[in-house]
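Asker:
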Amino acid sequence: MKPKPNTILFITSFIPVVVFKVVARVGDATLAQAKVATVVGLILAGIQFALSKKFLKHTTYLEKAFLGFLGVGTAWVYLAPTHLSSLLVDHSTTLLYFVLFLTTLIPQIFGYDPFTYAIAKQMAPERVWNTPQFRTINLHLTYFWSIIFFANFISSGLGHGKPLFSILIPLLIVFGIGLPVVKLYPNYYLKRQFTPQPIDPSFSPGTAKELILRMPMGFRPEGAGDLNAEIQFDLSGEGGGKLALSISEGTCTVREGEALSPALTIISPADLWLKIARREINPAHALMNGLYKVKGDMNLLMKMGELFHHPTKTRKEDLTQKGEKKMKILAIQGSPRPKASNTEILLREFLKGAQSQGAETETIYLKDKDIHSCVGCYTCWAKTPGICIFKDDMPELLEKVRDCDILVYATPLYNFNMTALLKAFQERLLPLLDPHLVKSGDVYRHPQRYEINRKMVLISTCGFPEISHFDGLRHVFRHIERNGGVPIIGELLMPAGELLKQEGLREHIQGVLQAAYRAGVEVIRDQRVSQETESEIKKPLVAPDAMAEMANLWWDSHLVGITQGKPTQGKIEDMRLLLRGMAATFNVQVAGDLRATIQFEVTGKQTGDWFFSVENGKCTYHEGKVDSPTLAIKTPSEVWLAIANREMDGQQAFMEGKYAATGDMSLLMRLRSLFGSQKS
Ligand SMILES: Cc1cc2nc3c(=O)[nH]c(=O)nc-3n(C[C@H](O)[C@H](O)[C@H](O)COP(=O)(O)O)c2cc1C
């Protein structure tokens with residue numbers, strides 16, 4: 001192998017000082033010899049300097065240091081008085097080490113390239129000179145050499161110029177420690193910076209082109225700051241192509257073709273770039289070894305890790321205690337009244353159940369988000385594939401949707417369908433689909449733009465008591481399931497959802513909440529909600545007729561409040577509604593063949609007479625008075641309402657005479673078990 005000019009010139013750069021020492025004779029030189037030696041050394045150093053300039057276009061600090069040392073030395077031995085000039089003769093080697101020590105330290109202090117930079121430039125290809133790694137490695141090595149030269153200076157100084165201390169030990173240090181470290185350190189440093197990581201299974205672009213088209217989805221505006229730049233990818237081979245990535249005002253877009261004035265151009269084989277993106281190959285190493293080329297701003301290349309999320313990172317917190325990957329649930333809550341939402345009550349229990357199985361959950365309240373309606377421009381399909389024109393909250397949400405394992409849609413039923421909030425959100429999912437029509441079974445559909453393994457859960461409550469009201473919503477979701485290829489693994493549909501806030505139905509509600517919790521457990525444990533659990537939630541809390549009557553009573557009693565815009569939720573405030581609710585929650589299993597009439601004579605703020613008639617396993621509610629009731633209760637409305645709302649203990653109130661009862665007192669004792677226990 002023919003040696004390169006830079007290697008030859010590096011070796012020859014030592015000749016002037018070696019010749020100087022040989023001519024001057026080590027240790028016991030006379031002034032006359034020293035005069036000849038410095039001149040010869042100076043001439044040789046000048047020739048070396050000129051050759052480097054001519055063939056390499058630059059000189060090293062080593063050459064400059066030798067030239068300076070021999071230049072000053074020559075002047076010194078010729079011009080200084082004899083007793084002083086002999087100082088150089090006696091201590092020339094020690095002085096040379098000191099000059100070298102200063103040469104390694106001073107340049108970077110004044111902002112010049114570090115000592116080893118020029119030599120490293122002679123050894124390494126030009127494309128890596130501007131990389132931060134190149135600079136850092138050189139800085140480390142420069143400080144390392146200053147230690148080496150300082151050690152030699154001390155050795156030579158303490159040894160009074162004796163050859164063992166001024167030549168042998170320093171040479172041992174330079175060749176035994178210095179040069180091996182210079183050889184090994186760059187690779188060691190690069191390896192330490194890069195550790196191959198297992199790839200996230202959800203990140204599986206088949207080609208480099210697909211990978212780059214996806215890059216805007218992983219863009220981190222916080223990493224970009226106010227950066228405006230275009231990056232051109234020129235990827236050769238299968239799965240490659242020319243792609244222009246543009247970063248401007250906190251957004252990132254990509255298109256096929258050539259950028260007008262790219263700040264950075266990456267020229268690489270497509271398969272190599274895919275491996276680099278998957279962190280199977282060290283990018284800095286590959287660049288230094290010429291496997292790919294880069295033109296333009298190297299700092300931009302080095303900043304790419306900050307500009308884009310890395311898909312291969314599996315964070316420790318993403319793993320369960322068993323080391324399995326945590327399931328990520330993203331719940332999209334579409335109620336316009338998120339804090340007072342019936343649907344939210346079910347959703348929360350569901351998420352608690354899922355969390356109990358180690359799932360990580362996040363709820364997005366669409367009411368709090370800025371989501372522009374889709375305008376149907378199809379820019380996200382044609383001009384900027386995968387990227388919408390609107391820079392509202394949606395781009396961030398799209399990332400979350402792509403990132404989750406289970407997407408939960410929680411919506412109240414509005415006009416037999418989802419709410420407008422959720423509809424707007426779903427329309428804006430368009431960038432995640434590919435525009436092409438692909439036949440699947442007997443229908444055409446749009447395939448997903450990105451490979452996914454997502455599942456879906458639907459949670460909804462409605463006002464009416466029959467489950468059939470959800471038919472439209474379910475139908476829509478069946479289409480969404482088929483078109484997107486995202487299976488629905490659970491439907492939590494609860495009719496008469498407003499009953500979830502009725503205190504009087506607490507025990508019935510508990511059953512529904514437990515089922516919702518169980519659904520969350522099942523979704524993670526079994527990957528789908530069981531039919532029994534779904535049925536438990538679907539089952540009406542009270543019979544539809546009773547629910548309708550209760551609802552009507554509620555509306556009657558709240559009409560004034562409603563028009564003032566403030567109905568109170570969750571507390572029973574109306575005597576008629578309370579009693580109607582009690583009748584609706586009559587427990588036939590506990591009642592058996594009971595025949596009885598129970599009269600309520602209510603005084604106080606809501607005066608009135610109402611009675612229950614129990615026979616044939618049924619309890620009916622009536623206004624007015626019944627003759628000879630089995631049990632008669634005389635109570636102020638405030639007392640009975642307080643007992644129903646659990647603000648007052650029923651038995652204690654009776655003892656304290658807050659209400660009175662006559663007739664069958666055992667029936668009074670049975671009231672709590674007869675009304676408001678298990679869901680029938
Ligand atoms: C504008 C509007 C439309 C509604 N449409 C229906 C409907 O079509 N069918 C139904 O049963 N309930 C309907 N409801 C009632 C809600 O679905 C029901 O109250 C639900 O439990 C509210 O859920 P939320 O508290 O989570 O918002 C509608 C309510 C509103 C305000």
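Position one of the sequence shown corresponds to residue 1 (the working numbering), numbered consecutively onward.
Heads up, the beta-carbon is just placed ideally off N, CA and C, and yes, glycines get one too.
Predicted model, so just to flag it, every value in this text is computed and none were measured.
1) Around the C-beta of W554, are 16 or more other C-beta atoms found within 10 angstroms, so that it is buried, or is it exposed?
2) Looking at C-alpha atoms only, which residue of R337, I406, D393 and V438 is the closest neighbour of E362?
3) Count Cβ pairs between the region 368-381 and the region 425-433 that sit closer than 8 angstroms; are there 3 or more?
4) So, is I47 buried or exposed, given that buried needs 16 or more other C-beta atoms within 10 angstroms?
5) So the candidates are E230, P487 and D297; which of them puts its Cα closest to the Cα of L245?
6) Can you find a C-beta in chain E that's less than 9 angstroms from the C-beta of T207?
7) What is the DSSP secondary structure of Q232, counted as helix, strand or coil?
8) Please state if the CB of T597 and the CB of V614 are separated by a distance shorter than 9 angstroms.
9) In the DSSP assignment, find the unbroken beta strand (DSSP E) run with D271 in it and report its ends.
10) With distances taken between CB atoms, is the gap from P412 to T461 smaller than 9 angstroms?
11) Tell me which residues share the same chain as G504 and place their Cβ nearer than 8 angstroms to its Cβ, disregarding the 5 neighbours each side in the sequence.
12) In or out: K209 buried (at least 16 other Cβ within 10 Å) or exposed?
13) CB-CB under 6 angstroms to D664, same chain, minus the five flanking residues each way: which ones, in chain order?
14) With a CB to CB cut of under 8 angstroms and the five nearest residues on each side skipped, what residues in its chain are close to N130?
15) So, A410 versus E344, is the Cβ gap smaller than 9 angstroms?
16) Could you check how far apart the C-beta atoms of G490 and V457 are, in whole angstroms? I think they sit under 8 angstroms.
17) Tell me where the alpha helix (DSSP H) around M215 begins and ends.
18) When you compare only the Cα positions, how much space is there between P196 and P132?
19) Would you check whether ligand 1 has a heavy atom nearer than 8 angstroms to the C-beta of T343?
20) Please work out which residues of its chain come closer than 7 angstroms, Cβ to Cβ, to P16, disregarding the five sequence neighbours upstream and downstream, and give them in chain order.
21) Report the option in L87, R278, H140 and T7 whose CA atom is closest to the CA atom of F55.
22) Do the CB positions of L330 and I364 come within less than 9 angstroms of each other?
23) Between A331 and ligand 1, is there a pair consisting of the residue's CB and a ligand heavy atom that are separated by less than 8 angstroms?
24) Check each candidate in G161, I167 and P180 and name the one with the smallest Cα separation from F144.
25) Taking 8 angstroms as the cut-off, is the beta-carbon of E498 closer than that to any non-hydrogen atom of ligand 1?
26) Please classify A80 as buried or exposed, where buried requires at least 16 neighbouring CB atoms within 10 angstroms.
27) Taking its Cβ as the centre, do 16 or more other Cβ atoms sit within 10 Å of V639, making it buried, or is it exposed?
28) Opposite P636 in the DSSP bridges: which residues?
29) Which residues in the same chain as I177 place their Cβ atom closer than 8 angstroms to its Cβ, once the five residues preceding and following it in sequence are excluded?
30) Here's a check: name, in chain order, each residue in its chain whose Cβ is nearer than 7 angstroms to the Cβ of G565, leaving out the five neighbours to either side.
31) With DSSP collapsed to three states, give me the class of S341.
32) Opposite D609 in the DSSP bridges: which residues?
33) Please list the terminal residues of the continuous beta strand (DSSP E) segment that includes I15.
34) Between T30 and V89, is the Cβ-Cβ spacing less than 9 angstroms?
35) In chain order, what residues of the same chain have a beta carbon less than 8 angstroms from the beta carbon of R315, not counting five sequence neighbours either side?
36) Is any heavy atom in ligand 1 found nearer than 8 angstroms to the beta carbon of A424?
Answerer: With the structure as the only source:
1) buried
2) It is I406 whose Cα lies nearest to the Cα of E362.
3) yes
4) If you draw a 10 Å sphere on the C-beta of I47, you find fewer than 16 other C-beta atoms in it, and that means exposed.
5) Of the candidates E230, P487 and D297, the one whose C-alpha sits nearest the C-alpha of L245 is E230.
6) Looking at the structure shown, chain E is missing, and only one protein chain is on hand.
7) The three-state secondary structure of Q232, taken from DSSP, is strand.
8) yes
9) First-last for D271: A270 to A277, but that is the alpha helix (DSSP H), not the beta strand (DSSP E).
10) Contact: yes.
11) I572, L578, G581, M582, T585, A644 and G676
12) buried
13) T630 and L631
14) Result list for N130: M298 and N299, in chain order.
15) yes
16) 4 angstroms
17) Looking at the DSSP string, M215 is not in any alpha helix (DSSP H), and its letter there is neither H nor E.
18) At P196, the pLDDT of 48 sits below 50, so the modelled position is not reliable and the matter cannot be decided from this model.
19) yes
20) The residues are G41, L44, A45, Q48, F66 and L70.
21) T7
22) yes
23) no
24) Ranking G161, I167 and P180 by Cα distance to F144 puts P180 first.
25) yes
26) A80 is classed as exposed because its beta carbon has fewer than 16 other beta carbons within 10 Å across all chains shown.
27) Classification for V639: buried.
28) T603
29) Taking C-beta separations shorter than 8 angstroms and ignoring five residues to either side along the sequence, the partners of I177 in its chain run I148, following chain order.
30) Low per-residue confidence applies at G565: pLDDT is 38, beneath 50, and the placement is therefore not dependable enough to give any value.
31) coil
32) E601
33) Premise fails: I15 lies in the alpha helix (DSSP H), I15 to A24, not in any beta strand (DSSP E).
34) yes
35) Since pLDDT at R315 reaches only 49, below the 50 mark, its modelled position is unreliable, and the value read off the structure follows with that caveat. Nothing listed; no residue qualifies.
36) No, ligand 1 has no heavy atom inside 8 angstroms of this Cβ.
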